[in-house]
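Notes for the one structure printed next.
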Amino acid sequence: MYPAGLRLRQAREALGLTYRDVERASYQIAVNRGRPDFILHISRLADIENRDVVPSLHKLYSLAAILHLDPFEISSWYDAPLRQVFHDGASFPPPRTYLSSSMPAAPVPHAPENGVDSENTQLLTRRPATVVPMIHGENQASSKHRYGYIGLSDRRMMPLLRPGSTVLIDTTLRKVESAEWSNEYDRPMFFVEIRNGYRCGWFQKEKSRLIMQPHVLSRCAPETWQTPEEAEVVGQVVGVVSYLGQPWTYRAAAIPGERLDWQSKAL
1 MYPAGLRLRQ AREALGLTYR DVERASYQIA VNRGRPDFIL HISRLADIEN
51 RDVVPSLHKL YSLAAILHLD PFEISSWYDA PLRQVFHDGA SFPPPRTYLS
101 SSMPAAPVPH APENGVDSEN TQLLTRRPAT VVPMIHGENQ ASSKHRYGYI
151 GLSDRRMMPL LRPGSTVLID TTLRKVESAE WSNEYDRPMF FVEIRNGYRC
201 GWFQKEKSRL IMQPHVLSRC APETWQTPEE AEVVGQVVGV VSYLGQPWTY
251 RAAAIPGERL DWQSKAL
């Protein structure tokens, strides 16, 4: 694997750019963005390319813009794959239900190591011990879909929707209305934002009142809110990934210690 600095130098030379060209362009970016942090001085660029110095966030932005590179790809060269932050974050499930603020990126295939399938290509079929499975819709670029997570302490829809589950939400389906359904699996579920968090489950609308009906086996009481003052429907749940064990007992493994050969400094 080529060092990140060498890759950046090859990209710069392939475009016919000198250190001075990159520095001049970074000054323009700094002016456009109103921050001197974007400036790539010649000495700093030389350190990044030749001395394994890790660029700061703003300088990484300038490098990506000037060299016409994907900033997420550059981050992976420094063993910080920003595209996978959603997947890694899923290994640390919080106690409360929440709505994801971003879409998880499609997994990048990697060759298996030591006979073990990569976590990036097997999230849905075979879960590695330290990774929570995530949903992958057919069209992840679609802006109408969001992802929600059911908190480990949220038992309102047990056993149909287990704590620790991940749900796919269609934000274009926000109207709660009476619908025909033959069993509890067909009954529409919605993801709703309230003042102090979120709820996911069965809802019915009575004029300006939104009522959540928990699963009868959960032994939780119904809840009501006034709309839109106290509650807003995010969308209808159209997909679920759930554990078959006891997700509320799951805790992430210990975070590995720092590698002894990591001597690069972020500047």
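Here our numbering is used: the first residue of the sequence shown is 1, the next is one more, and so on.
Note that CB positions come from ideal geometry on N, CA and C, so glycine has one too.
Quick caveat: nothing in here was measured; it's all calculated off a predicted structure.
Confirm, please, whether the CB-CB distance from Gly-201 to Met-157 is below 7 Å.
In the sequence shown, counting from the first residue as 1, residue 157 sits at position 157. In the sequence shown, counting from the first residue as 1, residue 201 sits at position 201. Going by C-beta atoms, Met-157 is nearer than 7 Å to Gly-201.
Secondary structure at Ala-80, three-state DSSP: helix, strand or coil?
Reading the sequence shown from its first residue, position 80 is the one you call residue 80. Ala-80: coil per DSSP, three-state reduction.
Taking the straight line between their C-alpha atoms, what separation do you get for Gly-148 and Val-192?
Here the question's residue 148 lines up with position 148 in the sequence shown. Here the question's residue 192 lines up with position 192 in the sequence shown. So the two alpha carbons sit approximately 10 Å from each other.
Proximal residues to Ser-26 (C-beta, below 7 Å), its chain only, five neighbours per side dropped
Within the sequence shown, numbered from 1, the residue matching residue 26 stands at position 26. In chain order, Phe-38, Ile-39, Leu-40, Ser-62, Ile-66 place their CB closer than 7 Å to the CB of Ser-26, counting only its own chain and leaving out the 5 sequence neighbours on each side.
Just checking, does the stretch 203 to 212 make contact with the stretch 221 to 233 on the three C-beta pairs under 8 Å criterion?
yes
Quick one: what does DSSP say Arg-162 is sitting in, helix, strand or coil?
Here the question's residue 162 lines up with position 162 in the sequence shown. In the structure shown, Arg-162 sits in coil (DSSP, three-state: anything other than H, G, I, E or B).
Alpha-carbon to alpha-carbon, Arg-199 and Thr-171
Translated into the one-based positions of the sequence shown, residue 171 becomes position 171. Translated into the one-based positions of the sequence shown, residue 199 becomes position 199. In a straight line, the C-alpha of Thr-171 is about 15 Å away from that of Arg-199.
Just the C-alpha distance for Gln-84 and Thr-227, rounded to the nearest angstrom, thanks.
Translated into the one-based positions of the sequence shown, residue 84 becomes position 84. Translated into the one-based positions of the sequence shown, residue 227 becomes position 227. C-alpha separation (whole angstroms): 36 Å.
For a test of the three-state rule: what should DSSP assign to Gly-278, helix, strand or coil?
Residue 278 lies beyond the residue range present for the chain, which begins at 1 and ends at 267; the question has no answer from this structure.
Residue range of the beta strand (DSSP E) that Lys-205 falls in?
Within the sequence shown, the letter at position 205 stands for residue 205. Segment 197 to 206, the beta strand (DSSP E) holding Lys-205.
What first and last residue would you give for the beta strand (DSSP E) that runs through Arg-146?
Translated into positions along the sequence shown, residue 146 becomes position 146. Unbroken beta strand (DSSP E) run through Arg-146: 145 to 149.
If you compare alpha carbons, which of Thr-166, Leu-17, Met-189 is closest to Ser-178?
The count along the sequence shown starts at 1 and reaches residue 178 at position 178. Closest by alpha carbon: Met-189.
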